[in-house]
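Number of protein chains: 4
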Amino acid sequence: MSSRFGQLFTAQTFGESHGPAVGVVVDGVPAGVPFEAARVQAALDRRRPGQSALVSPRREADRVEILSGVFEGVTLGSPVAMLVRNEDADPSAYLPLKGLFRPSHADFTTEARFGRRDWRGGGRSSARETVGRVAAGALAEAVLDAVCPVEIVGWVDVLAGDAAAVDAGRVSRVAVDAHPTRCPDPAAALRFEAEIRAARAAGDTVGGVVAVVARGLPAGLGEPVFDKLEADLGKALLSLPACKGVESGSGFAGARMRGSAHNDAFAPAPGGGVTTRTNHSGGIQGGLSNGMPVLLRAAFKPVATIFQPQDTVDAAGAAAVVAPKGRHDPCVLPRAVPMVEAMVALVLCDHVLRARGLAPVDGRGLQLPGRR
Amino acid sequence: MSSRFGQLFTAQTFGESHGPAVGVVVDGVPAGVPFEAARVQAALDRRRPGQSALVSPRREADRVEILSGVFEGVTLGSPVAMLVRNEDADPSAYLPLKGLFRPSHADFTTEARFGRRDWRGGGRSSARETVGRVAAGALAEAVLDAVCPVEIVGWVDVLAGDAAAVDAGRVSRVAVDAHPTRCPDPAAALRFEAEIRAARAAGDTVGGVVAVVARGLPAGLGEPVFDKLEADLGKALLSLPACKGVESGSGFAGARMRGSAHNDAFAPAPGGGVTTRTNHSGGIQGGLSNGMPVLLRAAFKPVATIFQPQDTVDAAGAAAVVAPKGRHDPCVLPRAVPMVEAMVALVLCDHVLRARGLAPVDGRGLQLPGRR
Amino acid sequence: MSSRFGQLFTAQTFGESHGPAVGVVVDGVPAGVPFEAARVQAALDRRRPGQSALVSPRREADRVEILSGVFEGVTLGSPVAMLVRNEDADPSAYLPLKGLFRPSHADFTTEARFGRRDWRGGGRSSARETVGRVAAGALAEAVLDAVCPVEIVGWVDVLAGDAAAVDAGRVSRVAVDAHPTRCPDPAAALRFEAEIRAARAAGDTVGGVVAVVARGLPAGLGEPVFDKLEADLGKALLSLPACKGVESGSGFAGARMRGSAHNDAFAPAPGGGVTTRTNHSGGIQGGLSNGMPVLLRAAFKPVATIFQPQDTVDAAGAAAVVAPKGRHDPCVLPRAVPMVEAMVALVLCDHVLRARGLAPVDGRGLQLPGRR
Amino acid sequence: MSSRFGQLFTAQTFGESHGPAVGVVVDGVPAGVPFEAARVQAALDRRRPGQSALVSPRREADRVEILSGVFEGVTLGSPVAMLVRNEDADPSAYLPLKGLFRPSHADFTTEARFGRRDWRGGGRSSARETVGRVAAGALAEAVLDAVCPVEIVGWVDVLAGDAAAVDAGRVSRVAVDAHPTRCPDPAAALRFEAEIRAARAAGDTVGGVVAVVARGLPAGLGEPVFDKLEADLGKALLSLPACKGVESGSGFAGARMRGSAHNDAFAPAPGGGVTTRTNHSGGIQGGLSNGMPVLLRAAFKPVATIFQPQDTVDAAGAAAVVAPKGRHDPCVLPRAVPMVEAMVALVLCDHVLRARGLAPVDGRGLQLPGRR
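Chains as they are written, first to last, in our numbering: chain A, 1 to 372; chain E, 1 to 372; chain L, 1 to 372; chain C, 1 to 372.
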């Protein structure tokens with residue numbers, strides 16, 4: 001149950017970091033969606049280690065194979081299985097850690113729950129599991145393109161407490177990918193890079209905030225009461241490794257404001273329709289999209305693997321010292337950007353299909369096309 | 001689909017604010033749990049309007065009736081349905097608002113999605129739907145008492161930017177309920193009360209942050225990958241009306257720290273077992289509880305209903321001015337506390353039952369008793 | 001988990017036979033569906049006891065109250081809760097049975113599973129729980145009327161081994177309701193009635209077969225692989241009290257045929273489109289509807305409550321004799337007809353909404369309207 | 001959504017008949033279950049084509065690879081992915097059929113639903129998809145061995161109307177596999193073989209009935225109301241290719257009996273506990289197991305692919321004649337036996353884990369061990 005995400009459009013992921021493979025089976029895929037391996041590959045290439053000097057040097061081509069559900073370039077309506085073999089699996093660096101619990105890792109809690117664990121590189125708890133998420137996200141974006149086009153862009157907004165200045169209304173993936181930090185503010189990108197290099201030089205790590213915007217959503221998406229759009233998006237982001245906080249629109253800052261300042265006044269939109277003068281709501285009101293850009297921010301803690309000796313306990317509960325070796329990122333943020341985008345795509349695609357299924361029967365309200 | 005919460009222990013809520021009734025059907029309830037209406041009533045009394053001078057004056061006794069699933073004082077294992085009639089339903093105050101979209105309310109988005117809405121008091125989008133959540137939460141707590149006792153305490157931690165000082169390790173519901181603000185820091189409570197009164201006097205509203213702690217959880221609770229404990233807790237809180245942000249443990253502040261400062265060193269616990277020297281992780285590592293107190297914070301925006309004229313549009317999209325009347329809270333925080341606790345209880349109960357179902361087969365790892 | 005049915009259109013039922021009430025919450029209801037209590041009441045009146053001399057004399061008006069989800073005569077898109085109070089609850093007849101397990105009832109197994117039971121009239125295991133199913137079925141039919149009109153007719157086809165002759169292509173509910181046996185073959189109806197009266201006179205009971213047809217379905221409904229239309233319909237019927245077998249199309253008889261005789265040859269339909277020359281498939285091929293009438297048959301065992309002394313054991317496992325008193329049906333078949341129709345409606349409605357949600361994106365294949 | 005089965009223990013299958021691979025991801029697997037590829041392989045070998053002269057000559061080694069979830073010979077608690085490559089994929093025989101709808105196949109309905117299909121060997125509708133079911137079933141049996149040992153044996157009970165005589169209380173898989181017909185009655189097996197050979201010689205096919213028994217279940221398994229044991233088992237079997245009917249216990253024959261003859265009298269069991277004198281209930285009462293052998297029968301229609309010319313239509317709806325070539329079974333029954341057993345194992349495993357999760361809290365009722 002635990003590795004499945006979504007209600008109607010579902011992603012079932014699998015795979016341990018140093019096992020034979022990682023991957024995903026996506027079910028609830030409408031037929032007729034143009035899809036090919038190249039699209040997944042492009043998404044995985046933004047996620048994979050070794051893509052720049054700022055991230056883990058593990059060498060994984062992360063070559064994806066589509067095993068089912070696609071025929072003659074379009075989806076069949078059957079489950080789409082996608083597989084990535086683990087190639088550079090090198091568990092030797094983990095052997096000395098086998099009997100120790102690395103601080104702020106999942107070693108201790110996994111053992112507490114399951115009574116055992118694949119100690120090689122974190123096993124299922126490794127961020128390598130996000131390969132399946134990103135592959136599924138690529139398919140979700142393909143479905144959205146066909147049913148309800150939306151532009152999803154994530155970026156590194158804060159790093160180690162230092163904030164970038166980014167216009168959420170215009171930022172593009174091209175601008176984000178222009179620098180290996182995935183910060184589209186060029187000045188901030190340089191500062192962020194310096195911060196990451198400094199942390200790595202110290203055997204240390206840094207955290208930060210990824211922001212993400214979804215532009216082009218129609219009004220009315222989401223499912224009150226429990227599956228509010230921000231609730232499902234929030235869960236999606238909080239399920240990512242190292243994510244410890246999420247806010248929608250004004251978020252924690254908005255909690256300091258008075259209602260008279262926070263409310264987003266409605267106004268007639270220039271070209272017809274309705275707009276809001278401000279967007280403190282982050283594009284979501286009452287759990288439903290209102291047609292304005294959907295804005296979220298996700299806080300990522302600093303990577304737990306540091307190259308300094310740390311106090312811990314061993315499997316018997318006795319005091320010990322751990323000093324990890326291995327291949328790790330000094331900062332997870334640049335690689336977290338495509339993960340965040342993938343999770344947003346999964347949620348929006350699921351909600352779009354649910355909204356199609358439950359569309360009002362009389363042509364009023366939100367009508368998402370069966371037929372484009 | 002939209003009003004159901006949980007996987008194994010599920011709550012299906014229903015009801016509009018000014019319709020005949022609100023309520024919930026809870027399914028997946030183990031047999032043999034002592035339960036009676038008085039327990040639900042006590043929980044509802046903490047949520048209901050009219051309980052103090054700081055909250056909405058709507059007069060609802062919120063008398064609950066248990067319709068099924070309980071026999072001779074214990075649960076039968078069948079669904080537990082709980083019903084609360086709406087008594088002080090007075091839609092007349094809403095008549096002038098019928099054709100207008102109140103800013104930052106769900107009026108516009110509900111119409112956009114469903115093509116219609118029950119305009120009387122927000123209908124299904126009213127915070128009145130949380131009656132069902134709180135009733136279900138009372139049952140969840142009863143189940144937890146029997147299977148995995150845990151103490152859940154929420155409080156108003158920040159109001160309008162002003163922070164209380166509260167010891168999460170010791171705070172109790174008694175201390176929280178000692179003041180109508182539900183802030184257990186007496187000095188802060190007085191400041192908060194003054195802030196709420198000032199906002200109300202200005203026809204305005206304030207937001208803030210509710211903190212919540214769950215003490216006594218065993219290590220190993222949660223379901224990687226997608227149903228991490230903080231992901232499910234985060235979704236639960238973000239699904240509450242007016243909640244716009246959630247953080248777990250160090251949250252957004254932790255994202256500014258370096259890994260060497262943020263990591264929670266493990267140490268042998270004085271009485272045996274394992275503890276951590278700090279708790280930046282907020283009791284959750286890799287999505288699983290680690291035995292330390294689970295800590296979350298939820299940001300609530302200021303209540304959208306203010307008693308000042310605001311720009312908006314009408315149903316035809318033309319510019320208009322809205323000036324709500326009615327019975328509203330100047331600050332949702334005090335009544336949000338039992339809602340937050342209820343949502344935490346629902347998540348923990350569901351995860352406890354799931355962990356029972358999926359417990360390792362060889363006696364290692366987390367073993368939650370079928371038999372106490 | 002146990003009392004919920006459906007994936008997108010879901011029915012959560014509740015209630016014990018002699019508790020305060022029975023009912024259902026239906027979620028996943030599209031907005032804009034005309035619906036009113038009278039429609040539910042008409043369905044419940046066909047199910048309720050006391051409607052004829054052939055069924056249980058328990059006096060229940062089964063008056064339904066719609067508690068939520070309907071406003072100004074149409075559905076809002078929010079959960080529809082429907083409640084029926086138990087009025088003629090008379091547990092006194094059950095007191096002597098409290099410590100005994102009635103043969104072929106759920107008394108023993110309920111105790112084995114839950115460690116206790118509401119012994120008053122079978123509690124949750126009573127056929128009284130089908131009130132919720134029938135109410136939900138009435139709503140399902142209303143949704144189908146709006147999105148994908150289909151005619152569902154069930155009838156008593158076999159009673160105590162004696163078979164009626166009914167034309168599934170033309171049979172109507174009016175014809176079925178013309179006789180209290182709910183057999184639309186007038187000659188057979190008289191024989192069936194005599195058989196039921198004879199069984200009752202002997203303190204005994206009889207079983208039989210209910211047939212059901214759904215006419216007007218488009219081709220392509222159903223969800224391979226596991227949620228084939230006949231699999232979901234089969235589960236729906238097998239979940240009814242006393243149902244012990246289900247067959248689709250030729251069913252068990254078809255298993256005796258050779259492929260050359262069993263295959264349904266396709267042919268151009270007179271008015272365009274495609275038809276089949278025979279319908280051994282019962283309107284379903286590969287788990288998907290093919291546009292021909294969907295035909296199922298459900299076997300119901302004889303009612304377990306007979307008014308003769310029977311060997312059994314008591315709660316301590318010692319041999320005992322039980323001789324039930326109370327108000328029971330000598331034959332469940334006439335009242336099972338609306339239950340069967342309701343279950344078929346629930347399955348078809350769920351599949352129709354799922355097919356809307358997952359409709360091909362390019363206008364090919366099955367396109368069920370968001371807009372009529 | 002369509003290719004997932006189960007609530008807590010779930011199987012997500014994927015793969016087309018002539019695509020790269022078929023397989024399954026099983027989630028909700030408790031940790032600590034001994035499991036290895038050899039066990040799956042043994043199950044697949046009983047399902048695969050080419051195993052005897054009576055079945056399809058397609059040459060598939062069906063070599064399984066476990067991709068995740070198993071480490072050092074036991075399950076980790078994470079998803080178990082299992083993959084089988086399609087090796088002898090030869091679509092050339094299907095090219096002439098590309099534009100035709102084979103009678104009583106899923107060609108027409110698949111096209112009606114999805115607007116396209118993988119025409120190579122039936123694509124997703126091929127019985128080749130059952131590879132994933134059988135692999136998952138092997139894992140389900142391993143979990144049952146560890147938590148709730150039960151013996152599941154299926155056999156060919158009726159073929160082309162001719163019935164075998166088999167003692168459900170003693171029949172074993174060894175006896176079943178002793179003859180390639182998988183009928184454990186040696187005399188009937190010879191008759192069945194002759195019937196199959198005769199049908200094949202005529203270019204025709206035959207159907208029949210598979211019976212299955214599950215021995216050793218404790219009393220109390222199942223989930224009233226909708227997820228009754230026979231409802232979930234019935235759905236499981238009806239979801240198999242070519243299955244058109246299911247009955248539990250006395251089934252359709254029981255519907256002819258009077259209650260006085262059909263009721264299963266309880267009696268003290270010789271070694272303590274409770275037994276029933278007869279087993280018309282097929283081990284299930286009120287949807288819950290009663291401790292007696294669970295008995296089901298599943299009707300399979302004759303294979304639709306016959307080697308005779310048949311009337312049909314082409315993709316444009318015009319009359320045509322189809323005369324399939326290719327590699328097909330003249331009778332699906334022998335290979336259906338392991339599929340039936342696998343589906344029963346999936347259902348029982350899921351219900352066992354659900355019963356663990358929802359076990360009564362006070363030690364009464366059904367207590368399935370977390371710890372053996």
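A virtual CB, placed ideally from N, CA and C, is assigned to each residue, including glycine. From a predicted model like this one, the values you see are computed outputs, not experimental measurements.
query, result
"Nearest to VAL74 (chain E) (by Cα), restricted to the options C:PRO360, C:ASP204, C:VAL70, C:SER239", "C:PRO360"
"Cβ of VAL40 (chain C) within 8 angstroms of any chain E Cβ", "no"
"LEU97 (chain E) versus E:VAL212, E:ALA194, E:VAL322, E:GLY282, residue with shortest Cα-Cα distance", "E:VAL322"
"C-alpha gap between ASP402 (chain L) and GLY123 (chain C), whole angstroms", "Lying outside 1 to 372, the shown extent of chain L, residue 402 (chain L) is not represented and no answer is given."
"PHE101 (chain C): contacting residues in chain A (beta-carbon distance under 9 angstroms)", "Simply none; closest approach about 17 angstroms."
"Start-end ranges of the alpha helix (DSSP H) lying completely within the segment 262-290 of chain L, minimum 4 residues", "none"
"Alpha-carbon to alpha-carbon, THR109 (chain A) and ARG372 (chain E)", "Only weak support is given to the placement of ARG372 (chain E): the predicted model assigns it a pLDDT of 43, under 50, and the question is left unresolved by the model."
"Buried versus exposed, by CB contacts within 10 Å (16 or more), LYS325 (chain A)", "exposed"
"Assumed close pair SER78 (chain C), SER68 (chain C) - CB separation to whole angstroms, cut-off 8 angstroms", "6 angstroms"
"Any alpha helix (DSSP H) of 4 or more consecutive residues that is wholly inside the segment 135-196 of chain E", "173-177"
"Residues within the segment 19-43 of chain C neighbouring chain E, beta-carbon criterion of under 7 angstroms", "GLY28, PRO30, ALA31, GLY32, VAL33"
"Alpha carbon of VAL150 (chain E) to alpha carbon of SER172 (chain E), nearest angstrom", "12 angstroms"
"DSSP state of LYS235 (chain E) mapped onto helix, strand, coil", "helix"
"Check whether ASP311 (chain L) and VAL55 (chain L) have beta carbons under 8 angstroms apart", "no"
"Contact between the segment 340-347 of chain C and the segment 127-138 of chain C (3+ Cβ pairs under 8 angstroms)", "yes"
"Sequence-distant residues of the same chain with beta carbon closer than 7 angstroms to PHE5 (chain L), five excluded per side", "ALA11, LEU346"
"Stretch pair the segment 230-249 of chain A + the segment 268-287 of chain A: three plus CB contacts closer than 8 angstroms", "yes"
"Minimum length 4: unbroken alpha helix (DSSP H) runs contained in the segment 77-131 of chain E", "107-114"
"Chain E residues whose Cβ lies nearer than 8 angstroms to that of ARG364 (chain C)", "ALA31, GLY32"
"Per DSSP, the bridge partner or partners of GLY23 (chain C)", "C:PHE14, C:LEU83"
"Burial state of ASP167 (chain A), where buried means 16 or more other Cβ atoms lie within 10 Å", "exposed"
"is_contact[ARG4 (chain A), chain L] using C-beta, thresh 8 angstroms", "no"
"Beta strand (DSSP E) runs wholly inside the segment 294-344 of chain A, at least 3 long, in chain order", "294-300, 310-313, 319-322"
"Own chain residues within Cβ distance below 6 angstroms of LEU353 (chain E), not counting five before or after", "LEU8, PHE9"
"Buried or exposed (CB count within 10 angstroms, at least 16 for buried), ASP88 (chain E)", "exposed"
"Where ARG372 (chain C) falls: helix, strand or coil (DSSP)", "Note that ARG372 (chain C) scores a pLDDT of 43, beneath 50, so its modelled location is shaky and nothing firm can be said."
"Touch test, the segment 225-239 of chain L against the segment 231-238 of chain C, Cβ-Cβ under 8 angstroms, three pairs minimum", "yes"
"Reduced DSSP secondary structure (H/G/I, E/B, other) of PHE252 (chain E)", "helix"
"Selection from L:GLN308, L:GLY28, L:VAL24 that minimises the alpha carbon distance to SER2 (chain E)", "L:GLY28"
"Test item: CB-CB of GLY272 (chain L) and ALA112 (chain C) under 8 angstroms", "no"
"Short CB-CB distance (under 8 angstroms) between PRO149 (chain E) and chain C", "no"
"Amino acids of chain E, ordered along the chain, whose beta-carbon sits closer than 8 angstroms to that of LEU240 (chain C)", "What LEU240 (chain C) touches in chain E: nothing, since even the nearest Cβ is about 26 angstroms away."
"Residue-chain proximity (GLN12 (chain C), chain E), Cβ-Cβ < 8 angstroms", "no"
"Endpoints, alpha helix (DSSP H) assigned at VAL213 (chain A)", "From DSSP, VAL213 (chain A) is part of no alpha helix (DSSP H) but of the beta strand (DSSP E) over 208-215."
"Cα-Cα separation, SER403 (chain A) to ASP62 (chain E)", "Missing from the structure shown is residue 403 (chain A); chain A here goes from 1 to 372 and no further."
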